[in-house]
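If you read the sequence shown in the numbering used here, its first letter stands for residue 676, the second for the next number, and so on. Data first, discussion second: the structure below is written as structure tokens.
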Amino acid sequence: MSKAASELVLNADGSIYHCNIKPEHLADTIITVGDPNRVEKVSRHFDSIEHKASKREIITHTGTLNGQRLTVISTGMGTDNIDIVFSELDALANIDLETGEIKKDFRKLSFVRFGTSGALQADIPVDSYVIGSHGLGLDGLLHYYVGSEAVMNKEIEDAFIKHVDWSANKARPYLVKGSESILNKLASEKTHQGITATACGFYGPQGRFLRLQPNPADINERLTSFDYDGLKISNFEMETSAIYGLAAMMGHDALSINAIVANRILGEFSADSYKTIDEMIEYSLERLTK
Ligand code: R1P
Ligand code: URA
């Protein structure tokens, strides 16, 4: 079935609406970062860059490293932006933009998020790296898609909802597994692993109390103490659950590695978070392309 012009939105040059790139500009392996300034910090390691584009907070560089074609793209902050970027990148790969028809041959993509995050366990220090074996969505995005229950894990979600006494006024939390094959490439003695919790904000939704009190006030303690057969919540950020959920529903692989810039239990923030992020980028690129 073809798509209305208001549904599959293209720019005048045929590029897709927000990401502002055409199918030929997209590599099969895509690194997503939140911060638009981080795109150049990734692509400066490439051996060559073939294409650059930008629109709003979405900057894209495509090039080659160690013989592997890579796209790095900034999503900005939050799962609302992940909905835009992942829908458009999947459309570039799997919809014929001229006819609006879904292509017969599925093109599988691999997404790796290089992010920043706050640790929710005392033994995950600032300046370390955390791989999300699972994404825990406290944001609600996946419930807007038919069939999303198929990629969720109801048993662990139910245990979490009971443990934290999750309010019925908020969207049901959802849990999606990350890609094991990408995890195997990135994991080492340098990385921690656990459930990456994705919040719909940085302050109240992550238990930060400036002038407005978060509800519940002890959300972080409730998350930290959750333990499902040894599987614990390691960290808080704002994109991973939607990345894992949409990628899984679309048939793609996805994994997040996050530089820990804050430890919420110890109340610490990294003294040089940009150095830590740069080191994590080098570490991850090396392991992804070797
Ligand atoms: C908040 O400071 C932002 O930083 C984290 C959060 O997920 C949120 O997007 O990730 P990035 O550094 O990748 O943006
Ligand atoms: N990003 C987040 O979303 N939370 C933190 O605590 C740090 C980075």
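Note that the Cβ used here is the ideal one computed from N, Cα and C, for glycine as well.
Check: residue i C-beta below 7 Å from any heavy atom of the ligand R1P
{"i": "T655", "result": "This structure cannot settle anything about residue 655, because the visible part of the chain is limited to 676 through 965."}
{"i": "G709", "result": "yes"}
{"i": "M955", "result": "no"}
{"i": "F944", "result": "no"}
{"i": "M925", "result": "no"}
{"i": "M752", "result": "yes"}
Alpha-carbon to alpha-carbon, residue j and residue i
{"i": "S909", "j": "I777", "result": "38 Å"}
{"i": "I956", "j": "I759", "result": "24 Å"}
{"i": "M827", "j": "F911", "result": "19 Å"}
{"i": "E773", "j": "A874", "result": "37 Å"}
{"i": "G753", "j": "G790", "result": "12 Å"}
{"i": "A934", "j": "G807", "result": "11 Å"}
{"i": "A679", "j": "N756", "result": "22 Å"}
{"i": "D904", "j": "I831", "result": "10 Å"}
{"i": "N695", "j": "S900", "result": "43 Å"}
{"i": "R883", "j": "F877", "result": "8 Å"}
{"i": "K965", "j": "K860", "result": "9 Å"}
{"i": "L813", "j": "T750", "result": "19 Å"}
{"i": "A892", "j": "H867", "result": "27 Å"}
{"i": "T739", "j": "I894", "result": "43 Å"}
{"i": "R886", "j": "G879", "result": "10 Å"}
{"i": "L816", "j": "Y919", "result": "11 Å"}
{"i": "P698", "j": "S718", "result": "19 Å"}
Under the three-state DSSP convention, the category residue i falls into
{"i": "E830", "result": "helix"}
{"i": "N910", "result": "strand"}
{"i": "T951", "result": "helix"}
{"i": "L850", "result": "strand"}
{"i": "I894", "result": "helix"}
{"i": "E864", "result": "coil"}
{"i": "N966", "result": "As displayed, the chain neither begins before 676 nor continues past 965, which places residue 966 out of reach and without an answer."}
{"i": "E943", "result": "strand"}
{"i": "H809", "result": "strand"}
{"i": "N712", "result": "helix"}
{"i": "S1022", "result": "The structure shown does not extend to residue 1022, since the chain spans only 676 to 965, so no value can be given for it."}
{"i": "Y903", "result": "strand"}
{"i": "V717", "result": "helix"}
{"i": "I932", "result": "strand"}
{"i": "I705", "result": "strand"}
{"i": "L963", "result": "helix"}
{"i": "Y820", "result": "coil"}
{"i": "Y919", "result": "helix"}
{"i": "G815", "result": "coil"}
Near the ligand URA: residue i beta-carbon under 7 Å from a heavy atom
{"i": "E912", "result": "yes"}
{"i": "F884", "result": "no"}
{"i": "R939", "result": "yes"}
{"i": "V805", "result": "no"}
{"i": "V936", "result": "yes"}
{"i": "Q881", "result": "yes"}
{"i": "F877", "result": "yes"}
Interface flag, residue i vs chain C, CB-CB below 8 Å
{"i": "V717", "result": "Structure shown: chain C not included; a single protein chain is present."}
Residue i: CB within 7 Å of a non-hydrogen atom of the ligand ZN
{"i": "D893", "result": "Ligands displayed in this structure: the ligand R1P and the ligand URA; the ligand ZN is not among them."}
Practice item. Counting only runs of 4+ residues fully inside the segment 720-793, write out the alpha helix (DSSP H) ranges in chain order. Key: Taken in chain order, the complete alpha helix (DSSP H) segments of 4 or more residues contained in the segment 720-793 are 754-769.
Check your understanding: Does the pairing of the segment 699-714 with the segment 738-747 give three or more beta-carbon distances under 8 Å?
Key -> A contact exists between the segment 699-714 and the segment 738-747.
Review point. Does the pairing of the segment 785-799 with the segment 718-729 give three or more beta-carbon distances under 8 Å?
Key: The segment 785-799 makes no contact with the segment 718-729; the number of CB pairs closer than 8 Å stays below 3.
Review point. Does the segment 842-856 touch the segment 937-947, meaning 3 or more C-beta pairs lie closer than 8 Å?
Key: no
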